[in-house]
Amino acid sequence: MSLLSVQSLTAHYGDMQALYGVDFGIDAGQVAAVIGPNGAGKTTLMRAMLGAGARTAGRIEFAGQPILGLPPEAIAALGIAMVPEGRRLFASLSVEENLRMGESAGRKGVWTLARVFDLFPILKERRHRPATALSGGQQQMVAVGRALMTNPKILLCDELSLGLSPLVVEDIYALFPAILAEGMALVIVEQDVGRALKVATSVTCLMEGRVVLQGAPGDLSVDRIAQAYFGAAA
Ligand SMILES: Nc1ncnc2c1ncn2[C@@H]1O[C@H](COP(=O)(O)OP(=O)(O)OP(=O)(O)O)[C@@H](O)[C@H]1O
Ligand SMILES: [Mg+2]
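Here it is in structure tokens:
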């Protein structure tokens, strides 16, 4: 039994179908990368696991329990959290207040404010500053820290590297081992396919709402991924 399993998931926005029978699964301590071109349905898939976004049908099980149709608060309480694309921090709140929002939304566990400050010392230094006064990379750290403070069993990260310099992206990815060591599972949406292949234990490539390729990175050649992205002519 997977920690999280998605079976035959479909998603609609009004009449527009965004996902067509997607299957996906992840276990504790794993990193599942979801890749695919713009509009492929990556964010829709992640938000469906959170009980948000499009109208969905099919089956999603978390630790053996069906969760499709549960309200987002119930799913968060079970232990699924997301670092949304674009960070979505509360502009009028300080760094510390933003982090504490995670604490009140989630479960108790190893990720406390002190622990997040250990992981990101710069946030401790700037804890009383408004979140929006921080650099993009530091704001991303707040977004990750806030999600960690809900003590999820699965953390969904939607394009963590968007708009960040390569060095900052390195810093953020360098945190993964510490997060995984706590037994958490990570689902990452990543534009940089090379980076995704490096950190992931499984890769799912979506294209126009369908899984076109799925497997362990070692079994997927760059050629096959390029083909999945660009069609057989590539
Ligand atoms: N709120 C919405 N209302 C209507 N259509 C939407 C909505 N959100 C997404 N879509 C459509 O659903 C499809 C999948 O979008 P989604 O955002 O899941 O793709 P994505 O793979 O995350 O793309 P990107 O790489 O650009 O973030 C696209 O055709 C998109 O236009
Ligand atoms: Mg997206």
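Just so we're aligned, residue 40 is where the sequence shown starts under the working numbering, counting upward by one. For every residue, glycine included, the Cβ atom is placed at its ideal position computed from N, Cα and C.
Three or more pairs of CB atoms, one per stretch, sit closer than 8 Å, so the stretch 176-189 contacts the stretch 135-145. In terms of Cβ geometry, Val-181 and Leu-225 do not form a close pair [threshold 8 Å]. Not one heavy atom of ligand 2 is found less than 7 Å from the C-beta of Val-73. Taking each of Phe-269, Gln-253, Leu-199, Arg-146 in turn and checking the Cα distance to Thr-82, the smallest one comes out for Leu-199. In the same chain as Gln-46, and ignoring 5 residues on each side of it, the C-beta atoms closer than 7 Å to its own belong to Asp-62, Gly-97, Arg-98, in chain order.
In this structure, Gly-90 sits near Ile-114, with a CB-CB distance shorter than 8 Å. The residues Leu-187, Met-188, Asn-190, in chain order, have a CB closer than 6 Å to that of Trp-150 in the same chain once the five nearest residues on each side in sequence are set aside. Excluding its 5 nearest sequence neighbours in each direction, Tyr-212 has no C-beta neighbour in its own chain below 6 Å. In the DSSP assignment, Gly-175 falls outside any beta strand (DSSP E) and within the unbroken alpha helix (DSSP H) covering 175-187. DSSP places Arg-98 in the strand class (E or B) of the three-state scheme. It is roughly 23 Å from the alpha-carbon of Val-251 to the alpha-carbon of Asp-54.
Contact check for Val-134 against Arg-165 passes: the beta carbons are separated by less than 8 Å. For the 8 Å CB-CB criterion, Val-122 and Leu-194 form a contact. For Arg-168, the secondary structure class from DSSP, reduced to helix, strand or coil, is coil. When the Cα atoms are used, Val-208 and Ile-74 turn out to be separated by approximately 17 Å. For Gly-176, the closest of Pro-105, Arg-126, Leu-107 by C-alpha to C-alpha distance is Arg-126. Counted as a single uninterrupted DSSP element, the stretch harbouring Thr-151 is not any alpha helix (DSSP H), since DSSP gives it neither H nor E. One residue list follows from the rule of a beta carbon closer than 7 Å to any heavy atom of ligand 2, given in chain order as Lys-81, Thr-82, Glu-124, Asp-197, Glu-198, Val-228. At least 8 Å separates the beta-carbon of Ala-72 from that of Ile-218. If you ignore the 5 residues before and after Ile-161, its C-beta comes within less than 8 Å of the C-beta of Gln-177, Met-180, all in its own chain and listed in chain order. Judged by their CB atoms, Leu-245 and Leu-107 are not nearer to each other than the 8 Å cut-off.
Secondary-structure assignment with DSSP links Ser-133 through a beta bridge to Pro-169. Taking each of Ala-93, Ala-67, Leu-173, Asp-210 in turn and checking the Cα distance to Ala-57, the smallest one comes out for Ala-93.
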